[in-house]
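If you're matching them up, the sequences are chains A and B in order.
Following the numbering used here, the numbering of the first sequence begins with 136 at its first residue and continues without gaps.
Following the numbering used here, the numbering of the second sequence begins with 26 at its first residue and continues without gaps.
Backbone N, C-alpha and C fix where the C-beta goes; we use that ideal spot for every residue, glycine too.
Notes follow the structure.
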Amino acid sequence: MGREEALKKIRDIVNDPVGSVKKFKDNEKKPVFSYFCTYTPEEIIHAAGGIPFRIMGETKSVERADSHLQSYSCSLVRTGLDMALLGRLDFIEGTVFPHTCDSIQRLSDIWKANAKYPYHTDIVLPVKLNTKSARNYLIEELEAFKESLEKHLSVKITDEKLQESIKLYNKMRENLARLYKIKRDAQKSQQLILASDVNNCVKAAMYIPVEEHNKLMDELLDNLDEGSNIDDNNIDKNKSDDRPRVIFSGTLCVFPEILDYVEEAGGVVVGDDMCTGYRYFATKVDESNNNPIDAISDRIIKRPICAAKHNPDFDRGSFLKGLSKDANADGVVFLLLKFCDPHSFDYPYLVESLKEIEIPSILIEAEMDNPALGQVQTRIEAFVEMIRENK
Amino acid sequence: MAVEKKVKDPEREKRKFQSAKDMRELMTAYYTEAKVAEVDGSKKIAWITSGGPVEPLHAMDVIPIYPENHSAMLGASKMSVELCEVAEEMGYSRDLCSYFRADIGSAVTKKSPIPGALPKPDFLVASNNICGTVTKWYEVLSRFFEVPLFLIDTPFIHGEVTKQSQRYVEAQMEEYIEFLEENCNQKFDRDRFGEVANMAVKGVALWEDVLATCENKPSPMSCFDAFFFIGPIVTLRGTEKCNEFYKKLVSELKERIENNISAVPNEKIRLLWDNIPIWTRLRDRSELFASHNACLVADTYTNAWARSKINTDDPVKGLANALHNVYLNIDFQQMIEEVKVLVKRFSADGFVIHSNRSCKPYSLGQFDMAKIIQEEMDIPTLIIEADQTDDRVFSEEQTKTRVEAFIETITDKAS
Ligand code: SF4
Ligand code: SF4
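In structure tokens:
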């Protein structure tokens, strides 16, 4: 399988997540557990013999969810519920709701009352991540989740199984980290991979069994490594790369085309702090810890935090500044889903933080059922032009 | 369509509450003390969320300040929109809770009905038992004032309280006490705290008595009055002053019942209200309903303050429990059960739901709730789209038309 073929497979998965996971479900005879937020401990679902599947809503207008949810809830919540109400998710065993924000919290109630799947659970994660009591609670909550899956599926989730799952997921994280590095360090002449394809690789990991993803990524990365010569001195260092370098920050990116707008305008996407991006795979689970639940909790605490969490020891402003410096970025695009409270709260502070290192930014608020992509493209073009002149 | 007539009530004077004056004095004294403390440093000042543990602050002689209450004041005095706009210029989305936007706008500009705005905090206490918004709001305040923040993280209750979440909240109460000791340079006096907790329990019971008088037909006060009188149970809970005030209010209400003074002169329709009031339109709403002989006799908002009781056998644990179980921290299946009880207790003929753009934890789920209440309790429901303090999202005409149609449905049903 060549690079193009691997990329095409990944694109197909992202274009039809439901169809793709259904195929795996039918072939492997495994129950699918859907979830909304990347704080879901996928390893536990995997070790229970299930396939974790992230619901990212759909980019189309809402048909049924509007009679359950007000128009001022985010489009992830509205289009996600719509999928359930339209029967698009009838193949799933159930849904796992880790505590994220006020909207997801109530969505869980509404979901439970209206979309009747055999399994429904809430993992009420702590919001606070910096204290010992929060850590203890997190561990107990994950244990409870494990038990609830065991009971529902009549299986035993042994430590050995969990450790195997952790290895597979760590492999997936390593792969994606390598892909990000390749993308970040590639020279203009190399044109290795489009930003949207990088994004597709991350999302595909949330849609299909991890084993399959690892296979596809191995293929892709071998191919890319060949062409990238990242650590090789052969790169023509003189050939200056004058492309404006852009980082994304925000919620989830459901429109990969938005990333490509940057590159079509002559820029390059060199990293992100998004939950369909870096936040998803950053930080591995410690394989040397022989208490796997403890190790998984540790990752949840240590990974770069989402705006919906509270950790006085982790400053999102400093983190974004660090990312920008490491990637040598010239500008940041904030991509938020409209009506997303946690991220909207952080936005002004993040802009301030970036100003300290003189990095300009723009804000794009998108709604999945009403994206106005034309306008977005125009704004991104103008932004790339602006940072090119600043360079 | 009929033009709304401002019904001139000949007995208006008679209906005025004696206690309103007392309450204004009480609240003025409270804010004055805080403003003095800000200047002379005689007492520490803490900003705290409405669902937060205020009793330990009183036990430590710290003055608690409630930005939410202040934002409601900003709404009632029609200053909120201007201040929300200040926040929006700072980059805060117009979709964020308007309490927050008005508050940060006031902190920055010092504009407020209180001269010089709220006194600056020495530290901050937030509990996310009401929403995730306050976590973020207080992070913003912590950076703005450069003061420490203590967050009490109260896991949401889907179904039942779990052992682990109970342990977690209890552990945080002890951490909270340590935080207070550090920030006040003073040992926490557990006996004193026990007394405050007892006082708070009595205060909550008195508040319950206040609200219970509205079971009477006709109701001696409406929930618009309750929205006004809620101030002390939120801000001064655990103090003697708070309890004194409510004792008087209860007797005044009982007197009204004896003398047959009702909130709405000719009460024919009794309604239940859901969600935070529309502070900017309190008066108009009250008159609109009254003009149809309808009285809003109870609401989920003020009743929420009557349900959190501390078990004083072990007040620290008791407080943890009370915090954990507040109305906005339970799933909507449980909320619906509570609404049903209110419908019965207060003999409501209809259910008015404020779909409040600012408050997602309160509002999402209301559509399902409306349907279930309508079906199972057999009463009409009305959903009003508005906002607690951002008047820009309010449509006067539309609301009026819908209220009128709703009243008609109830009237038809009765006849
Ligand atoms: S996008 Fe924001 S509001 Fe929507 S579910 Fe995620 S955190 Fe919540
Ligand atoms: S109005 Fe709602 S969102 Fe705003 S602070 Fe209060 S509980 Fe939180």
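Ligand 3 heavy atom lying under 8 Å from the CB of residue i
{"i": "D237/A", "result": "Ligand 3 is not part of the structure shown, which contains ligand 1 and ligand 2 as its ligands."}
Inter-residue CB distance, residue i and residue j (contact presumed, cutoff 8 Å)
{"i": "D257/A", "j": "S243/A", "result": "6 Å"}
{"i": "I190/A", "j": "Y170/A", "result": "7 Å"}
{"i": "S292/A", "j": "L303/A", "result": "Residue identity differs from the one stated: residue 292/A is Ile in this sequence, not Ser. At roughly 15 Å, the Cβ-Cβ gap does not stay under 8 Å, so I292/A and L303/A are not in contact."}
{"i": "L307/B", "j": "F252/B", "result": "7 Å"}
{"i": "F343/A", "j": "F159/A", "result": "Per the sequence shown, residue 343/A should be read as Ile rather than Phe. Contact holds; Cβ gap of about 6 Å."}
{"i": "L51/B", "j": "F270/B", "result": "6 Å"}
{"i": "Y272/A", "j": "Y193/B", "result": "4 Å"}
Alpha carbon of residue i to alpha carbon of residue j, nearest angstrom
{"i": "T337/B", "j": "T426/B", "result": "49 Å"}
{"i": "I301/B", "j": "D324/B", "result": "9 Å"}
{"i": "A329/B", "j": "P386/B", "result": "14 Å"}
{"i": "E346/A", "j": "A321/A", "result": "27 Å"}
{"i": "R528/A", "j": "L389/B", "result": "The displayed coordinates of chain A run from 136 to 526. Any statement about residue 528/A would go beyond what the structure contains."}
{"i": "I428/A", "j": "F204/B", "result": "30 Å"}
{"i": "M85/B", "j": "E207/B", "result": "12 Å"}
{"i": "V418/B", "j": "R382/B", "result": "8 Å"}
{"i": "P243/B", "j": "A319/B", "result": "10 Å"}
{"i": "P89/B", "j": "P144/B", "result": "10 Å"}
{"i": "G412/A", "j": "K251/A", "result": "31 Å"}
{"i": "G77/B", "j": "I515/A", "result": "43 Å"}
{"i": "F371/B", "j": "S75/B", "result": "25 Å"}
{"i": "E110/B", "j": "Y117/B", "result": "9 Å"}
{"i": "I303/B", "j": "D377/A", "result": "54 Å"}
{"i": "S423/A", "j": "A269/A", "result": "23 Å"}
{"i": "N346/B", "j": "D339/B", "result": "11 Å"}
{"i": "P483/A", "j": "K227/B", "result": "43 Å"}
{"i": "L458/A", "j": "P81/B", "result": "42 Å"}
{"i": "F181/B", "j": "L166/B", "result": "24 Å"}
{"i": "S324/A", "j": "I317/A", "result": "13 Å"}
Residue i at chain B interface by Cβ criterion, 9 Å
{"i": "P379/A", "result": "no"}
{"i": "H348/A", "result": "no"}
{"i": "K372/A", "result": "Reliability fails at K372/A, whose pLDDT of 43 lies under 50, so the model's placement of it is uncertain and no value is given."}
{"i": "F118/A", "result": "Any question about residue 118/A goes unanswered here, given that chain A covers just 136 to 526."}
{"i": "Q510/A", "result": "no"}
{"i": "C410/A", "result": "no"}
{"i": "I180/A", "result": "no"}
{"i": "E275/A", "result": "yes"}
{"i": "K338/A", "result": "no"}
{"i": "E500/A", "result": "yes"}
Own chain residues within Cβ distance below 6 Å of residue i, not counting five before or after
{"i": "R281/B", "result": "P245"}
{"i": "N265/A", "result": "N446, P447, D448"}
{"i": "G375/B", "result": "L296, I404, P405, I435"}
{"i": "K69/B", "result": "V87, D147, C209"}
{"i": "D128/B", "result": "P92, S96"}
{"i": "R308/A", "result": "F416, K419"}
Sequence-distant residues of the same chain with beta carbon closer than 7 Å to residue i, five excluded per side
{"i": "N310/A", "result": "N349, M352, L356"}
{"i": "A330/A", "result": "L394, D395, V397, E398, V404"}
{"i": "N284/B", "result": "none"}
{"i": "V153/A", "result": "R223"}
{"i": "R313/A", "result": "L356"}
{"i": "V106/B", "result": "D415, D416, R417"}
{"i": "D366/A", "result": "Its pLDDT being 49, under 50, D366/A is placed unreliably by the model, and nothing is read from it."}
{"i": "L231/B", "result": "N268, Y271, K272, V275"}
{"i": "K279/B", "result": "T238"}
Residue i at chain A interface by Cβ criterion, 9 Å
{"i": "K188/B", "result": "yes"}
{"i": "C122/B", "result": "yes"}
{"i": "Y193/B", "result": "yes"}
{"i": "P78/B", "result": "no"}
{"i": "P386/B", "result": "yes"}
{"i": "E422/B", "result": "no"}
Test: residue i CB closer than 9 Å to a CB of chain E
{"i": "Q205/A", "result": "Here the protein chains are A and B, and chain E is not one of them."}
Cut-off 8 Å between Cβ atoms - residues of its own chain near residue i, not counting five sequence neighbours on either side
{"i": "V262/A", "result": "H234, A443, K444, H445"}
{"i": "I398/B", "result": "I361, V364, K365, V368, F376, I404, T406"}
Inside the region 100-147 of chain B only - alpha helix (DSSP H) runs reaching at least 4 residues: For the region 100-147 of chain B, whole alpha helix (DSSP H) runs of length 4 or above, ordered along the chain, are 105-114, 123-134.
My parser needs the alpha helix (DSSP H) runs of 4 or more residues fully inside the region 302-357 of chain A; what are they? The qualifying runs are 330-342.
At which residue ranges does the region 169-207 of chain B contain complete beta strand (DSSP E) runs of 3 or more residues, listed in the order of the chain? Runs of the beta strand (DSSP E) lying entirely within the region 169-207 of chain B and spanning at least 3 residues, in chain order: 174-177.
Please give the ranges of any beta strand (DSSP E) in the region 234-296 of chain B, keeping only runs that are unbroken, at least 3 residues long and fully inside the region. Unbroken beta strand (DSSP E) stretches of 3 residues or longer found wholly inside the region 234-296 of chain B: none.
Which runs of the alpha helix (DSSP H) spanning at least 4 residues fall entirely within the region 188-273 of chain A, listed in chain order? Taking only runs of at least 4 residues, the alpha helix (DSSP H) segments lying wholly in the region 188-273 of chain A are 210-220, 237-249.
Just to confirm the assignment: which complete beta strand (DSSP E) runs, minimum length 3, are found wholly within the region 157-186 of chain A? As summarised for the region 157-186 of chain A, the continuous beta strand (DSSP E) elements at least 3 residues long and confined to that stretch are 167-170, given in chain order.
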